[in-house]
Structure formats: C-alpha cells, structure tokens
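Residue numbers (our numbering), protein chains in the order written: chain A, 180 to 464; chain B, 1400 to 1632.
The structure appears below as structure tokens.
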Amino acid sequence: MTLPELTQTTRSAHWGWDEHQYFGHRVFAELAGTESFTSLVALSITGRKLPADDVAVLDDIAGVVTLADPRIWPLKLTRVLASYGSAIPAVAAGLLMEDGARIGPSTTVLAAQALLAFHAEIGDRAGDAVVVRDVVNRYLETHSFVWGFGTPFRPHDERLTAFEACMEKRGRDILPHYRTMLALAEAVREVRRAQPNMGIALAAVLLDMGLSPEQIGALVTALMQHMFFAHGVEAAAASDGTLRKLPDAYLAYAGRDARQSPRALAAREYLASAVPPRRREGSAM
Amino acid sequence: MSPASVEVLDGPLENDTFPERLTAHVVTPGDRPKIHGYDVEADLTLHYEPHDLLYLSLVGELPDPSASAALAVVLTFLAPLSVAHAPGHGALLSHLCGATSTATIGVAAIGLAEHARSQVEDHQDLFAWLEAGRAGVPERHVARTPGDVAAVGRLTAAVDRTGFHAPVLEHRPTALAASLAMLHVLGLQRPEQLVTALVTARLPVAVAEALAVRPVDFRSYPINLPRFRYERA
C-alpha cells in the first residue's frame, strides 16, 4: 500500500548532482566566492541577498557588539559547561539561553516591536520634541519601561557611541526608524533619565533594512555567536577544572534548615514503640 | 616562548560590588547533601521514590502518600511520547548522524522542553478554569474520540486506586488535559514546574527511542517524510 505523500514547501535549499540551490541562488555559480559569510547569514534569515552596503552595516554590528568579557552571564554559562572539555555543547547551551532572555539579542526583538509602535504613532513628526515626549509619556502610563533603554553598570552604552559613529559614516542616521530612535532617545532621557542601549539602535537600523522583529532577533543572535565560540573553545581547551566544581568555601546556602521527613519520623516512632523498655538499673535479672 | 603578560584592566565590572560566594537554595553543598532540608542518604533514600524527589525539588515539600501515588500514576501516563513527535524524531536524527550520546540526550531534552512548553501554553485556559473553580471543563479540552475517552477512563481508574480524590477527572477531559490538570491539582502549577515534570517523565523514552537506531545507517531513515517541495524565492 502506498501512503499519501506528506509534503512541506521550502525556499531554503536543494541538493543537486553538480550544483546546489540556496534561497533561489545556485551555490557554486552565484554564492561561493562572491558572497561573504555575513551575507550568507543574512540570506539564511531574510531569504534575500542584501545589498553590499547593508552587509557592511551587519559587519559593523558584529564588530561593535563584541563585548565578550568572560564574566558576562551568557558567556560565563558557556565557559562553565565547556569545563568538561567540549566546546560545541557549551556554545549550543549559550546560544539556547539567548532565547527569550532579558539581556542579549531577544531584547532587540522587543525593542524592535516597541520602536515599530512608536514609529507608527510618531510618523514624520520625529523632529517635534513635544509630540515625541507626549507619545512617550502615554506609553509609559501603561509600560514600566521602554525596551532598548537602560545601561546597567555604566552611565551610557559605549557600544552605542561607537555604533552611532559608524552609522553616521554610512548615512544610516537619516533613515526613518533611526530618526525615530534618536527622537525617542531624547524623550526617554528627559522623561525617565534612561539612556538608550545597543538594542534600540540595532532595532532601528535593521528595521530600516526591512527586517521584521523576529528576523532581527535571529540575525543579531547570529552576529553575536562568535563570542560564544571564543569562550567555548578557550574554556574547553583550558579545562582545568576550576569551573567544573567550585570549592565548598565559595558556596553559601540559603535554603531550608535540616529536617526529618514524615516517613522517617514515623519509622522512628514505630521503632521506639517496638523496642522493649530499658532494664532499670539495679533490677534483678 | 615567554608567558603572556597579564594586563591590569579597568571597566564597569571592576567598579561594582558583587558577592564572593555562589548561593545554593535547594541542595546543601558539601559531603552530606540535603534536598530542601531532608538528608538524602539517611532519609529520602530509605523512605521515598524518585517521583517524590521530583515533587520535593519543584515544590519544596514532600507529597502526602496519596498525592505521591497519584503523581506516580500521572507521570507514568505522560511518559510515552512516540517517535512521531518532534522530540523523539529529533533525537533519533541526532543518533542516526552518529552524534555523541550526550549530544543526543541534549537534543532530546531541548525538544521535550519545547514540546512541553507548547502543551502547557495550549492548556492555559484549563489551568485558569481549575483555579477559578467553575463548572464544566473548557469545551476544547473535553475528550471526544473513543480512544481518548477510554484513556481517561484508565487514568481515572488508576488514580482512584491511589485514594487521591480528583474531581477534575469526572469532567472527562482529554487524556492530556486530565494529566496536566492532575499535575496542577497536585501542586505543580507554575509553567516551569509543569514543563520540568513533563520533560522528566519523557526523557528516558525519547532517548531510548533515539538510541534504538543504528548510527549512520542513513538508508534506514525515511528521508522523504515529509517530501520537501523546493520553491524558488
């Protein structure tokens, strides 16, 4: 008996005899040797080949976001798991924890969603500070903060300073979402004393390239993955055991006090009642 | 070759205060481990089963005897997840490719966590109904097919034997809704508690299913299930 065929459509790829397909392009004839790694990453996520100047912006992003101190929590996680000597599971775990996290690429999805909403409301009035401040105030009546703002541990996001210079050089600072982002930054600074971070700037630049918030999340994750490899590879090779198990002296305990389980208590009572009373001292045998 | 010099650098993390120690909240560090205060080696080992430890770990307290027995029933009911489902299928592909068993276990765990998350999300109205204590299980969670009705009957009979009173089963929810509702009634109510229970129940079978295929026996795998239709962009 022949089963009815289950099918699924894909725009991704096909394995041919002498040539392969990738998102509508012949791999050997059109992609290999001409498209950069960054361009292929963008093609994989957006399904389209980005113009060379967009790819250059993505390279700027990958460079500027390289904040890879081993103490940064997702990277520390990668090192902790790499302590057993295998880099890839540790890298996979590091990338996995990015999904929906309150720091890292997931925040750019939320920042992009917020920026889209602000952009729809502000429209072409980004130059009117009163309008923008009014929109921000109304937003903050129902939201406790704006995604893409806040710079923990320092007064401003040094990456953003560097990124803004890159975007000005590339003429990206005059594009619609970027202009809304700049206007928003002024208003949020004034209303909440909160500084913009890289998340809102990445959202602006990538929205101006025509990406959706979900594509932005995936692309930023891909553009940040090199840092996980840095720590996965280094920590797996070092593998000196420091992070496999911390010495007890470096641990504190803040859980429940010692206690006996109901069954242990019942067993003790049962045993106590079953044991004959101890012979009185001095009594006769 | 001379050793690399260590530079003294300054940055935001050098100018803040952080604790010196990592804090444990569940397992006491050291030679005589306790879980939420109960001595593992001299108490829990002697008097409790692994499913009680699952409950203790997630809830912070031990289940009473009838809840313990009911939990064992529900976890067993939830365990079988065939290779038709993405977690087992994904893990099978991992082992087929000759991945390490640790990688395959990791793949299975990720798949199971995603699967459990989607199931828990899909039953939010059921949990809201349970918490509100209203009459009548949400319509979409009522058992309809003969197979589902029979399965819920078997679950009800098994739970009845434990002495645990579960009125929710009288509403004849689907087998999955009944199992999730039981976990909720037993005290596993937060999404992360439910997901952990589901993953724990299913991980052994998902891994076992994966390990049953022969690594790199690519011709034994139905590569065109489903058949992909390549659409030119």
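Even for Gly, the Cβ is constructed at its ideal location relative to N, Cα and C.
If you're wondering where the values come from, they're calculated on a predicted model, not measured in any experiment.
Pairwise C-alpha distance: residue j and residue i
| i | j | result |
| --- | --- | --- |
| leucine 1474(B) | alanine 1556(B) | 15 Å |
| serine 191(A) | leucine 237(A) | 21 Å |
| leucine 1554(B) | leucine 381(A) | 52 Å |
| serine 215(A) | valine 234(A) | 9 Å |
| leucine 1624(B) | histidine 199(A) | 21 Å |
| valine 1503(B) | leucine 1491(B) | Here residue 1503(B) turns out to be threonine, not valine, going by the sequence shown. If you take the alpha carbons of threonine 1503(B) and leucine 1491(B), they lie about 8 Å apart. |
| methionine 464(A) | tyrosine 1447(B) | Per-residue confidence for methionine 464(A) stands at a pLDDT of 43, beneath the threshold of 50, marking its modelled position as unreliable; the derived number appears in the next sentence. Going from the Cα of methionine 464(A) to the Cα of tyrosine 1447(B) covers about 42 Å. |
| alanine 247(A) | leucine 254(A) | 7 Å |
| alanine 305(A) | tyrosine 318(A) | 16 Å |
| leucine 1568(B) | proline 1464(B) | 19 Å |
| leucine 453(A) | serine 440(A) | Going by the sequence as given, residue 453(A) is alanine instead of leucine. Spanning the two alpha carbons is a distance of roughly 20 Å. |
| alanine 1498(B) | valine 370(A) | 53 Å |
| valine 309(A) | glutamate 1406(B) | 49 Å |
| threonine 340(A) | leucine 385(A) | 17 Å |
| arginine 269(A) | glycine 327(A) | The sequence given here places alanine at residue 269(A); arginine does not occur at that position. So the two alpha carbons sit approximately 28 Å from each other. |
| alanine 1508(B) | aspartate 1451(B) | 21 Å |
| glycine 1586(B) | leucine 1461(B) | 11 Å |
| glutamate 184(A) | threonine 1573(B) | 29 Å |
| isoleucine 353(A) | serine 218(A) | 23 Å |
| serine 1404(B) | proline 426(A) | 27 Å |
| glycine 411(A) | proline 284(A) | 19 Å |
| arginine 1546(B) | leucine 1575(B) | Reading off the sequence shown, one finds glycine at residue 1546(B), where the question assumed arginine. Roughly 12 Å separates the two Cα atoms. |
C-beta neighbour in chain A for residue i, strict 8 Å
| i | result |
| --- | --- |
| proline 1449(B) | no |
| arginine 1626(B) | yes |
| glycine 1586(B) | no |
| glycine 1487(B) | no |
| leucine 1491(B) | no |
| tyrosine 1620(B) | no |
| aspartate 1409(B) | no |
| glycine 1429(B) | yes |
| aspartate 1415(B) | yes |
| aspartate 1521(B) | no |
| alanine 1502(B) | yes |
| valine 1615(B) | no |
| glycine 1505(B) | yes |
| histidine 1435(B) | yes |
| alanine 1550(B) | no |
| histidine 1514(B) | no |
| glutamate 1591(B) | no |
| glutamate 1630(B) | yes |
| alanine 1351(B) | Examination of residue 1351(B) is not possible in this model, given that chain B is present from 1400 through 1632 alone. |
| histidine 1446(B) | yes |
| aspartate 1524(B) | no |
| leucine 1452(B) | no |
| aspartate 1442(B) | yes |
Residue-chain proximity (residue i, chain B), Cβ-Cβ < 8 Å
| i | result |
| --- | --- |
| leucine 185(A) | yes |
| glycine 203(A) | yes |
| alanine 446(A) | yes |
| glycine 434(A) | yes |
| phenylalanine 408(A) | no |
| histidine 356(A) | no |
| histidine 199(A) | no |
| tyrosine 429(A) | yes |
| threonine 189(A) | yes |
| arginine 281(A) | no |
| alanine 261(A) | no |
| proline 392(A) | no |
| arginine 423(A) | no |
| proline 268(A) | yes |
| glutamine 404(A) | no |
| leucine 274(A) | no |
| proline 284(A) | no |
Beta carbon proximity, residue i to chain D, threshold 8 Å
| i | result |
| --- | --- |
| threonine 400(A) | Within the model displayed, chain D is absent; protein chains A and B are what it includes. |
Rounded distance between the beta-carbons of residue j and residue i, thought under 8 Å
| i | j | result |
| --- | --- | --- |
| leucine 390(A) | alanine 241(A) | Leucine 390(A) to alanine 241(A), Cβ: 15 Å. No contact. |
| tyrosine 357(A) | alanine 397(A) | That belief does not hold up - the Cβ atoms of tyrosine 357(A) and alanine 397(A) are roughly 21 Å apart, past 8 Å. |
| glutamine 374(A) | histidine 335(A) | 5 Å |
| proline 1634(B) | leucine 1480(B) | In this structure chain B extends from 1400 to 1632, so residue 1634(B) is not present and cannot be described. |
| proline 1432(B) | valine 1426(B) | 6 Å |
| proline 1428(B) | leucine 256(A) | In fact, because the Cβ distance is near 20 Å, the residues do not count as touching under 8 Å. |
| glycine 1535(B) | glycine 1510(B) | Glycine 1535(B) to glycine 1510(B), Cβ: 34 Å. No contact. |
| alanine 1607(B) | histidine 1494(B) | Alanine 1607(B) to histidine 1494(B), Cβ: 11 Å. No contact. |
| alanine 1577(B) | valine 1551(B) | 5 Å |
Check: If contact means a Cβ-Cβ distance below 8 Å, which residues of the region 208-236 of chain A contact chain B?
Finding: Gly226 and Arg227
Checklist line | Every unbroken beta strand (DSSP E) inside the region 183-226 of chain A [3 residues or more] | finding: 186-189
Check: When Cβ atoms are compared, which residues of the region 240-255 of chain A fall closer than 8 Å to chain B?
Finding: Asp248 and Arg250
Notebook entry, point to check: If you measure beta-carbon to beta-carbon, which residues of the region 319-344 of chain A are closer than 7 Å to chain B?
Noted result: Phe332 and Arg333
Checklist line | Completely contained beta strand (DSSP E) runs for the region 376-411 of chain A, where each covers 3 or more residues | finding: none
Check: Which runs of the alpha helix (DSSP H), 4 residues or longer, sit entirely within the region 1477-1524 of chain B?
Finding: 1485-1495 and 1500-1520
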